Amino acid sequence: MPEWVMAIIKILIVLAFIGLNGMFLIWAERKVAGFIQARIGPARVGRPQGFFQLFADAIKMFSKEDVRPAAADKWVWWFAPVVFFTPVAMAFLVLPFGPNVIGLDMNIGLIYLAAVASFALLGVFMAGWGSNNKYSLLGAMRAGAQMISYEIPLILATIGVIMITGTLSTQGIVEYQVAHGWNIKTQFLAFVVFFIAMLAELNRTPFDLVIAESELTSGFFTEYSGIRWGMFMFAEYTNIFVMSALAVTLFFGGWASPFGLVGSVLIFLIKTYAIVFLIIWIRWSVPRVRIDQLMTLGWKFLLPLSLFNIVFTGLILLI
Amino acid sequence: MSEINEKVKGRLIEQFPGVEVSETEFGQVEVKAPKEIIADLARFVREELDFDYLTMVAGVDYIEYLQLVYHIRSLKDYAELIIKVDVDSENAVVASVAPIWTGANWHEREAMDMFGIQFEGHPDPRPILLPEDWQGGHPLRKDFIDKRPKRERQFRTR
Amino acid sequence: MSEIEARRLKAEEVGHEKLILNLGPQHPSTHGVLRVITTLEGERITEAEPDIGFLHRNFEKIVEGWTWSQVIPLTDRNDYLANINNEHAYVLAVEKLAGIEVPERAEYIRVIMSELNRIASHLLTFGTFAMDMGAFTPFLYGFRERELLYDIFEKVTGARMMHNYVRLSGVRNDLPDGWDKEVLEFLDRLENDVIPDYYDLLIKNPIFEARSLGVGVLTKEDAIAYGAAGPILRGSGIDWDLRRDMPYSIYDRFDFEVITREEGDHYARFMVRMDEMIESAKIIRQAFEQMPEGPVMGKVPRVLKPEGDIYSAVEGPRGEIGVYLVGDGNFKPYRVKWRAPSFSNLSILPLMAKGQFVADIVLTIGTLDPIFGEVDR
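Residue numbers (my numbering), protein chains in the order written: chain A, 25 to 343; chain B, 166 to 323; chain C, 1097 to 1473.
Take a look at the structure:
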């Protein structure tokens, strides 16, 4: 088979996975929320636990009217969901699902991920600016401050792992853990920083200031509806998956398992969804922080902690 | 209770010889004052008699004249005071008590909306409950007629 | 002049642009149809101006055309979360004005229902405050208990919210058999399970404390000057509760504490509400113990034509609900003035919001807890 056919097949698989995963997570979030909030959650569509709600949701999103505000900056507004969505899909290129199940095993995988992930901010900002809505603008401004501030500890936290494993390739990191055990044993501090920064990066409670329903109605996607809104949602949930997968890769041994190829992929997915569950759980349990508290946490605690972790790891490696 | 009321009555008569001071059957001191002295009276009861908590300012339209009713509590002495001020309905202007009790601000704006009473020295004299561009008169006056066009029921023709 | 300095001067010349942001009238956390015109500098509010009147229906004019007893159901619609308290306020004023006697048992029933309504209202405030803070789950937990309470109401009054239950000279009907046991069970659950749950769920959370402690401080002087009422007054350290200090109905027969907190911040006001629920439960328990048998309706003249004027007030969940009545010897009230606690409370918003973050003004509105049925009347 020529290489480009393989590439197209891979892209199709990734897109299909993004769609299914997004729908599944939306359903899962509603279900978990229902469980936490002492109610049932979706239960009407489909037999086991309203499972087909996810298709109902998707169909609803596709068939809804796509309203554009009259005063919006047309092209910026139009492209924002695409710009927000694309880097998230691009991140799948280097996620190692199994021993050979990876889009492309780059030797700069982590740098690629960091570069691609910071691109999402552009989409958020375009949406906030293009909507010509003050809530959206405020949300976008907050997003700018928040995502840039938290990207720094997020990336610094991974440096500890890179120092131990001595590679930037995601496959390489997993292979190191297959040999030496999970990184969480030595990099617990890094994981804590990573996880908190990850929540902020994903705009999830307690750091969902960018969306903040009760203050900014819905932040940067206030003015979106129909499938455009759906794209933001899909991108967001896919992003949750990507970040969780990254956390699993970096700290929890990735696909490392004794059960062969299928077992590896399954183990990887189980671990990832466990972290996703943790994120959902946190979302429905805690209130939201304020912008100044967010900044204080990011710059005064997470950044020094991540730097300390690097120094500490370096010292350990030296000895 | 009644001791305080007696004391309040005494002080008021002493300070303002012209006013009518009485006690209602529900244990509240009631003062009927001419509108010229309302600012002085308010300052006096606020500062000297410790009536610090204004609960409401109510207008009443008695057709020949309007009346403003202030109900004030003393949180320290557990006493209540009602001040009644008659205002001419044609030329309804009275001194504002909002500089004395800040909370009177909104209550006076409401009386302004509903009765057309102008408050001199009010910090922010704008309509509060009625729309800013309301021209239809003062709803709680007895001679108010709703001049808005009658609303037609809307049908959608198919 | 260095380049940086020149740049700064230029920025000052141009001036900071202020953003005027309309919060509401359609906004998820304005608790109804409040519009706040805020002027922002970055995330800070330099000025906030509430614009009210979207729900204005002129209750006071409408009731001038109705008979004295016809007014009662409409008072429900003023503060639609404290219906019995509203009815009680109005009925008490008319009874005082007309000199109507109320049977003992009816008084007890009124007290029990009022206090239950206070609990229901505070439960809702608990939930909405949490939601303003971005925690959705406590909101639903608050609503769960409130719903159980509404079931209890329904058994007595037949309605969940708009009860129309308190009548001149008594209440509409007696309590159903075994109802007291249900209420006591509910109160036990509230005190032993539910409120500790709320503490675990929200109040002990460090984020909750960081968001509410020391934020939106209202000083004693301001609270009195603005005529703040209820939990807002008591949250600022003023020991004032009409139920104890100027007892109406039969409140002088119960032993309860008036909860006050000195700090005057969001946390203080919030905790005053939480603790008041327990005090209300105490009152209800005592009322059940003391309650005599007997009729629940007294005698009312067929045509009521009271004369004179009266100001009478009760302590509702949001503070002093006052009614000023003028009767001119007719079967209709000449003037009904409704002193709504939320109206006075909301007038503090510009003061409190000044210099706050956008995120905090939402909490400030949540903790002032205005109900627009009674703000706009």
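For every residue, glycine included, the Cβ atom is placed at its ideal position computed from N, Cα and C.
For clarity, every value in this text was computed on a predicted model and none was experimentally measured.
Checklist entry - So, do the segment 1350-1364 of chain C and the segment 1431-1451 of chain C have three or more beta carbon pairs nearer to each other than 8 Å? => result no
Checklist entry - Which residue spans inside the segment 226-283 of chain B form an unbroken beta strand (DSSP E) run of at least 3? => result 230-239, 244-253, 258-260
Item to check | Interface partners of T1221/C on chain A, CB under 7 Å | outcome: Going along chain A, no residue has its Cβ under 7 Å from T1221/C, so there is no contact; the nearest lies around 15 Å.
Checklist entry - Closest by CA to S309/A, which one among V216/A, P230/A, P26/A? => result P230/A
Next on the checklist: For D217/B, would you say it is in contact with chain C, using Cβ-to-Cβ distances shorter than 9 Å as the test?
Outcome noted: yes
Checklist entry - Of all the residues that make up the segment 1229-1247 of chain C, which are near chain A by a beta-carbon distance shorter than 8 Å? => result M1229, G1230, A1231, F1232, T1233, L1236, Y1237, R1240
Checklist entry - If we ignore side chains and look at the alpha-carbon of each, how far apart do T1253/C and E1137/C end up? => result 51 Å
Next on the checklist: Let's see if you can read the secondary structure: which residues bound the beta strand (DSSP E) around D1405/C?
Outcome noted: 1403-1412
Next on the checklist: Which complete beta strand (DSSP E) runs does the segment 1109-1136 of chain C hold, if anything under 3 residues is left out?
Outcome noted: 1115-1119
Next on the checklist: Residues of chain C with CB closer than 7 Å to the CB of M277/B, please, in chain order.
Outcome noted: Within 7 Å Cβ-Cβ: nothing; M277/B doesn't reach chain C, min ~13 Å.
Next on the checklist: Does L1400/C come out as helix, strand or coil in the three-state DSSP assignment?
Outcome noted: coil
Checklist entry - So the beta strand (DSSP E) S187/B belongs to, where does it begin and stop? => result 185-188
Checklist entry - Tell me the DSSP bridge mates of D1147/C? => result R1131/C
Next on the checklist: Quick check: is the beta carbon of Y159/A nearer than 9 Å to any beta carbon in chain C?
Outcome noted: yes
Item to check | Contact set for E1416/C: own chain, Cβ-Cβ below 8 Å, skip 5 residues either direction | outcome: A1325, G1326, L1338, A1409, V1410, R1435, P1437
Checklist entry - G183/B: buried (16+ other C-beta within 10 angstroms of its C-beta) or exposed? => result exposed
Checklist entry - Quick one, which residues of the segment 224-255 of chain B are near chain C if we go by CB-CB under 7 Å, in chain order? => result V225, V234, H236, L240, Y243, I247
Item to check | Close beta carbons around M183/A, own chain, < 7 Å, minus the five adjacent residues each side | outcome: The amino acid occupying residue 183/A in the given sequence is Ile; Met does not appear at that position. These residues qualify, in order along the chain: I334.
Next on the checklist: In whole angstroms, give me the CA-to-CA distance for P1114/C and P1292/C.
Outcome noted: First, the amino acid is wrong: residue 1114/C is Lys here, not Pro. Distance between the alpha carbons of K1114/C and P1292/C is about 44 Å.
Checklist entry - Taking the Cβ atom as the reference point for each residue, do A151/A and Y261/A lie within a distance shorter than 9 Å? => result no
Item to check | Residues near A138/A in its chain [Cβ-Cβ closer than 6 Å; skip 5 each side] | outcome: I179
Next on the checklist: Do G1266/C and P1199/C have their beta-carbon atoms positioned less than 9 Å apart in this structure?
Outcome noted: yes
Item to check | Pick from M187/A, N157/A, W206/A, M130/A that is closest to L339/A, judged by C-alpha positions | outcome: M187/A
Item to check | Counted within 10 angstroms of its Cβ, other Cβ atoms place G1161/C as buried (16 or more) or exposed | outcome: exposed
Item to check | First through last residue of the alpha helix (DSSP H) which encompasses G154/A | outcome: 133-154
Next on the checklist: Please classify Q319/B as buried or exposed, where buried requires at least 16 other C-beta atoms within 10 Å of its C-beta.
Outcome noted: exposed
Checklist entry - With respect to the beta strand (DSSP E) encompassing K1433/C, which residues constitute its N-terminal and C-terminal limits? => result 1429-1435
Checklist entry - Which of the residues in the segment 1410-1430 of chain C, read from start to end, lie with their CB under 9 Å from any CB of chain A? => result none
Checklist entry - Starting from I1417/C and walking both ways along the beta strand (DSSP E), at which residues does that stretch end? => result 1415-1424
Item to check | Whole-Å CB distance - Y1204/C paired with I1406/C, under 8 Å assumed | outcome: About 24 Å separates the two Cβ atoms, so there is no contact after all.
Next on the checklist: Please report whether the beta-carbon of K1251/C lies at a distance below 9 Å from any beta-carbon of chain B.
Outcome noted: no
Item to check | C-alpha distance - L326/A paired with A224/A, whole-angstrom precision | outcome: 12 Å
Item to check | Those runs of the alpha helix (DSSP H) which lie wholly inside the segment 1253-1310 of chain C and span at least 4 residues | outcome: 1275-1285, 1291-1294, 1302-1308
Checklist entry - Expressed to the nearest angstrom, what Euclidean distance is found between the alpha-carbon atoms of R1268/C and L1151/C? => result 29 Å
Next on the checklist: Considering Cα atoms alone, identify which of L39/A, A144/A, V217/A, S193/A is closest to N131/A.
Outcome noted: S193/A
Checklist entry - Can the beta-carbon of N263/A be found less than 9 Å from the beta-carbon of A144/A? => result yes
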